[in-house]
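Peer 1: Got a structure here, written out as structure tokens. Questions coming.
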Amino acid sequence: MASTRDIRRRIKSVKNTRQITKAMELVAASKMKKAQQAALASRPYAQLLAKILVALAPNTSEQLHPFLVRRTVKTRGILLITSDKGLCGPLNANLFKIVAEIKTPAKFYSVGRKGTQFLARTKRDLIADFPVQDRAPFSEVKVAIDFVVKQYLEGVIDTIEIVYPRFKNTLVQEPVIRPVLPLDNLRQFIESIQRHAGAVAEEEINSQRLFHFEPSAESVLNALLPFYVHREIYQFVLSTRASEHSARMVAMKTAKDNATKLVGELTLEYNKARQAAITQEILEIAASSFSSA
Amino acid sequence: MALTLEIVTPEARVYSGPIDTVVIPTVMGEIGILPGHIPLITQMTEGELRVTKDGKVQILVVGTGFAQIDGDKVSVLAEPAIALEKIDEHAVETALQRAQDALKAKDALEPAEIERLESVVRFSVAQLTVKRRGR
Numbered sequence: 080m081a082s083t084r085d086i087r088r089r090i091k092s093v094k095n096t097r098q099i100t101k102a103m104e105l106v107a108a109s110k111m112k113k114a115q116q117a118a119l120a121s122r123p124y125a126q127l128l129a130k131i132l133v134a135l136a137p138n139t140s141e142q143l144h145p146f147l148v149r150r151t152v153k154t155r156g157i158l159l160i161t162s163d164k165g166l167c168g169p170l171n172a173n174l175f176k177i178v179a180e181i182k183t184p185a186k187f188y189s190v191g192r193k194g195t196q197f198l199a200r201t202k203r204d205l206i207a208d209f210p211v212q213d214r215a216p217f218s219e220v221k222v223a224i225d226f227v228v229k230q231y232l233e234g235v236i237d238t239i240e241i242v243y244p245r246f247k248n249t250l251v252q253e254p255v256i257r258p259v260l261p262l263d264n265l266r267q268f269i270e271s272i273q274r275h276a277g278a279v280a281e282e283e284i285n286s287q288r289l290f291h292f293e294p295s296a297e298s299v300l301n302a303l304l305p306f307y308v309h310r311e312i313y314q315f316v317l318s319t320r321a322s323e324h325s326a327r328m329v330a331m332k333t334a335k336d337n338a339t340k341l342v343g344e345l346t347l348e349y350n351k352a353r354q355a356a357i358t359q360e361i362l363e364i365a366a367s368s369f370s371s372a
Numbered sequence: 108m109a110l111t112l113e114i115v116t117p118e119a120r121v122y123s124g125p126i127d128t129v130v131i132p133t134v135m136g137e138i139g140i141l142p143g144h145i146p147l148i149t150q151m152t153e154g155e156l157r158v159t160k161d162g163k164v165q166i167l168v169v170g171t172g173f174a175q176i177d178g179d180k181v182s183v184l185a186e187p188a189i190a191l192e193k194i195d196e197h198a199v200e201t202a203l204q205r206a207q208d209a210l211k212a213k214d215a216l217e218p219a220e221i222e223r224l225e226s227v228v229r230f231s232v233a234q235l236t237v238k239r240r241g242r
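If you read the protein sequences in the order shown, they are chains L and P. Numbers in my numbering are just positions in the first sequence, counted from 1, shifted up by 79. Numbers in my numbering are just positions in the second sequence, counted from 1, shifted up by 107.
Next comes the structure, spelled out in structure tokens:
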């Protein structure tokens, strides 16, 4: 049996760890609240955007905008969105699993340090990585989006797909891969964003009114599509942040609970050892007093 | 039948409720919306958006975006939008100054950045004009 001093030392170190994980849990919890709010606040916006796209759909054709043109896919473009820091459970590892399954030729772009490290380690064709602060200001994300979209328009890549952890709720984050460009099948794509944006009322989908456009349908489309792509990808980044902090909070809570359990077990063991030592001592004293009597 | 107005930005739903009329700043000039307007989708530009309800006028300053008029529903998608009472003149002035200073070194900037800064300037100027006229 370990000596009492060893056990005491272990208890102390586990308590220290618990203190740290507890602090990290609290920090993650407060950050999570903000990130979740940011991710959810833009939902009405996304819904309205979807509605306008629905209204535009009858007026679109493939030739109208490069985003709508279908191409033969030679090289896929994958934008991987991860967290900068670790200690957030299986969040990033789950994303890497998706990336590992991509066997077709692809070029990679990364937002988040963990993803960059992974792509470098697995020797993927990493074109560029972009640092984005924790609170993810739009201006920083925009740099990444503009770069990827430019590569797409130049024909370096033939698709833009985003790998990111979709925020469902605090406990569940789902790693997904979502194609963003080309928007080849606009109708199907609109249906998907309607599902994504949540409940756009049924009657609104059915009412295919003929809209008047100012200045013109083309002009609105030209302004709306890049705008939409920016919004969409930015939304993914916000979702990633919300997922990251949620996952970290849960991971830290588990770590804290484990530490508490461990401290309990160690304390029990310590008390047993202490009691054993005391009993031993008493026995010795009793034995010596008997023998001398 | 009254109109329903909804103004949303990426951060929040700024306005939602029944109104009498609304004037929207579009790229082709201001348009007034009354009940029974034809279905319309239009591009918005920086400017003031005037909401009239029960004879009272409320003014909001909006950035670029889109507006959709569908039957008696007016939906405005703006980035950003701010109510007149909430405009902080001092903060706007500093923002304007910063943007203008940054624009002085135009050659060093990327076109997208210039566009963004000019949008900031237009939005700031629109806020200041509206705010100061009120006195």
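We put the CB at the ideal spot given by N, CA and C, even for glycine.
Please list, in chain order, all residues of the same chain as residue 213 of chain P whose beta carbon is under 7 angstroms from its beta carbon, the five residues on each side excluded.
Peer 2: Same-chain partners within the cutoff: 221.
Peer 1: Do the stretch 112–121 of chain L and the stretch 333–351 of chain L make contact, defined as three or more Cβ pairs closer than 8 angstroms?
Peer 2: No, the stretch 112–121 of chain L does not touch the stretch 333–351 of chain L.
Peer 1: Got a sec? Which residues, its chain only, sit under 7 angstroms from residue 147 of chain P by beta carbon, not counting five neighbours each side?
Peer 2: Hits under 7 angstroms: 176.
Peer 1: For residue 368 of chain L, which residues does DSSP report across the bridge?
Peer 2: According to DSSP, which records beta bridges pairwise, residue 368 of chain L is partnered with nothing at all.
Peer 1: Can you check whether the C-beta of residue 229 of chain P is within less than 7 angstroms of a C-beta belonging to chain L?
Peer 2: Judged by the 7 angstroms Cβ criterion, residue 229 of chain P is not in contact with chain L.
Peer 1: Given this structure, state the Cα-to-Cα distance separating residue 282 of chain L from residue 124 of chain L, to the nearest angstrom.
Peer 2: Low local confidence applies: a pLDDT of 44 at residue 282 of chain L is under 50, so the model's placement there is unreliable, with the coordinate-based value given in what follows. Using only the alpha carbons, I get a separation of about 19 angstroms.
Peer 1: Distance check for residue 247 of chain L and residue 99 of chain L, CA to CA, integer angstroms please.
Peer 2: The alpha-carbon atoms of residue 99 of chain L and residue 247 of chain L are separated by roughly 27 angstroms.
Peer 1: Check whether the Cβ of residue 134 of chain L lies closer than 7 angstroms to any Cβ atom in chain P.
Peer 2: By this cut-off, residue 134 of chain L is an interface position.
Peer 1: At a CB-CB cut-off below 7 angstroms, which residues of chain L make contact with residue 219 of chain P?
Peer 2: Correct list: 225.
Peer 1: Would you call the stretch 129–137 of chain P and the stretch 197–206 of chain P in contact, with 3 or more CB pairs under 8 angstroms?
Peer 2: No, the stretch 129–137 of chain P does not touch the stretch 197–206 of chain P.
Peer 1: Evaluate residue 241 of chain L with the Cβ neighbour count: other Cβ atoms within 10 Å of its Cβ, from every protein chain shown; 16 or more gives buried, anything less gives exposed.
Peer 2: Looking at its Cβ environment, which holds 16 or more other Cβ atoms inside 10 Å, residue 241 of chain L is buried.
Peer 1: Grouping DSSP H, G and I as helix and E and B as strand, with all else coil, what is residue 216 of chain P?
Peer 2: Coil at residue 216 of chain P, not helix or strand.
Peer 1: Could you give the DSSP three-state label for residue 161 of chain P: helix, strand or coil?
Peer 2: Coil.
Peer 1: Could you give the uninterrupted runs of the alpha helix (DSSP H) lying entirely in the stretch 171–228 of chain L, keeping only those of 4 residues or more?
Peer 2: The stretch 171–228 of chain L contains these whole alpha helix (DSSP H) runs: 192–200.
Peer 1: Relative to the C-alpha of residue 207 of chain L, which residue among L:129, L:159, L:292 is closest?
Peer 2: The shortest C-alpha separation from residue 207 of chain L is found at L:159.
Peer 1: Rounded C-beta distance between residue 314 of chain L and residue 121 of chain L? I'm assuming under 8 angstroms.
Peer 2: About 6 angstroms; that satisfies the 8 angstroms criterion.
Peer 1: Is DSSP giving residue 280 of chain L helix, strand or coil here?
Peer 2: Because the pLDDT at residue 280 of chain L is just 46, under 50, the model does not fix this residue reliably, and the point stays unresolved.
Peer 1: Looking only at its chain, what residues have a beta carbon closer than 8 angstroms to the beta carbon of residue 285 of chain L, apart from the 5 residues adjacent to it on each side?
Peer 2: Caution applies to residue 285 of chain L, whose pLDDT of 45 falls short of 50 and renders its modelled position unreliable; the model cannot decide the point.
Peer 1: Determine, using beta carbons only, whether residue 299 of chain L comes closer than 7 angstroms to chain P.
Peer 2: Yes, because at least one Cβ of chain P sits closer than 7 angstroms to the Cβ of residue 299 of chain L.
Peer 1: Kindly indicate if chain L contains any beta-carbon less than 7 angstroms away from that of residue 112 of chain P.
Peer 2: With 7 angstroms as the cut-off, residue 112 of chain P does not count as an interface residue toward chain L.
Peer 1: With which residues is residue 122 of chain P paired in a DSSP beta bridge?
Peer 2: According to DSSP, residue 122 of chain P bridges with P:114.
Peer 1: How about residue 119 of chain P: is its C-beta nearer than 7 angstroms to some C-beta of chain L?
Peer 2: With 7 angstroms as the cut-off, residue 119 of chain P counts as an interface residue toward chain L.
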